[in-house]
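For reference, the structure discussed in these notes is given below.
Numbering (our numbering), first residue to last: 32 to 244.
Next comes the structure, spelled out in structure tokens:
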């Protein structure tokens, strides 16, 4: 991933890495306190990748599923702030094993980034119905919620007609099944990146334009 990011745009890649490091430093004490209390909100994911793609694609509208602590959310919102444009729609569902779980969704997202953010927490099926009206078109997608085959296939079917001709789609944990591979084989270009022992897939009609920067 590091070699690819530097090849696309070393300045933007460095921006993304610096943001990821600064957010991790900012949130460290709060996350350590949660961990000590037995609350695990998951890892940070490919923040630098999402930052770079948001800066490069310059989405008017982006969609993500699976917010959790909000690391990826913060990266996309921070890149939109630098772009000076864009809005992010995020779909999540509270961790039902935690007390008052809604308070943890987007836990690390700085308040000064939230003006471009719309969050729904009723689960993907209900949230997508609210987000994806017939004329809604999305330039950037990050999928990180239901990792089952059924969940991924439902999402890809539901979002397909709402993707612009320059969209980029990112899917986390693609090693869990072959859904991303089957989808990406029908796309003009795709990339797979190893990340912290797992794999992230990137594809979409706008990926070639990103790589030609």
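We treat Cβ as the ideally placed atom computed from N, Cα and C, and that holds for glycine.
Please read these numbers as outputs of a predicted model, since none were measured by experiment.
Following the continuous beta strand (DSSP E) through residue i, name the residue where it begins and the one where it ends.
i, result
"residue 196", "194-202"
"residue 151", "148-151"
Which residues bound the alpha helix (DSSP H) around residue i?
i, result
"residue 48", "41-67"
"residue 91", "Counting along the chain, residue 91 falls outside any alpha helix (DSSP H), and DSSP gives it neither H nor E."
"residue 118", "Premise fails: residue 118 lies in the beta strand (DSSP E), 118-122, not in any alpha helix (DSSP H)."
When DSSP labels each residue in this structure, what does residue i get in the three-state scheme?
i, result
"residue 225", "strand"
"residue 136", "coil"
"residue 207", "helix"
"residue 187", "helix"
"residue 232", "strand"
Have a look at the options and flag the residue whose alpha-carbon is nearest the alpha-carbon of residue i.
i, options, result
"residue 166", "78, 191, 237, 53", "191"
"residue 242", "219, 194, 124", "219"
"residue 32", "135, 230, 236, 238", "230"
"residue 52", "63, 186, 68, 75", "75"
"residue 144", "59, 107, 188", "107"
Check the C-beta distance from residue i over to residue j and give it rounded, since I have them as a contact under 8 Å.
i, j, result
"residue 221", "residue 234", "4 Å"
"residue 210", "residue 238", "In fact, because the Cβ distance is near 18 Å, the residues do not count as touching under 8 Å."
"residue 169", "residue 54", "Actually they are not in contact, since the Cβ atoms of residue 169 and residue 54 sit about 24 Å apart, beyond 8 Å."
"residue 56", "residue 87", "That pair is no contact at about 25 Å."
Touching by the beta-carbon criterion (3+ pairs, under 8 Å), the segment 90-100 and the segment 110-119: yes
Any contact of the segment 95-106 with the segment 166-176, i.e. 3+ C-beta pairs under 8 Å? yes
Using a Cβ distance threshold of 8 Å, determine whether the segment 140-159 contacts the segment 74-89, with at least three qualifying pairs required. no
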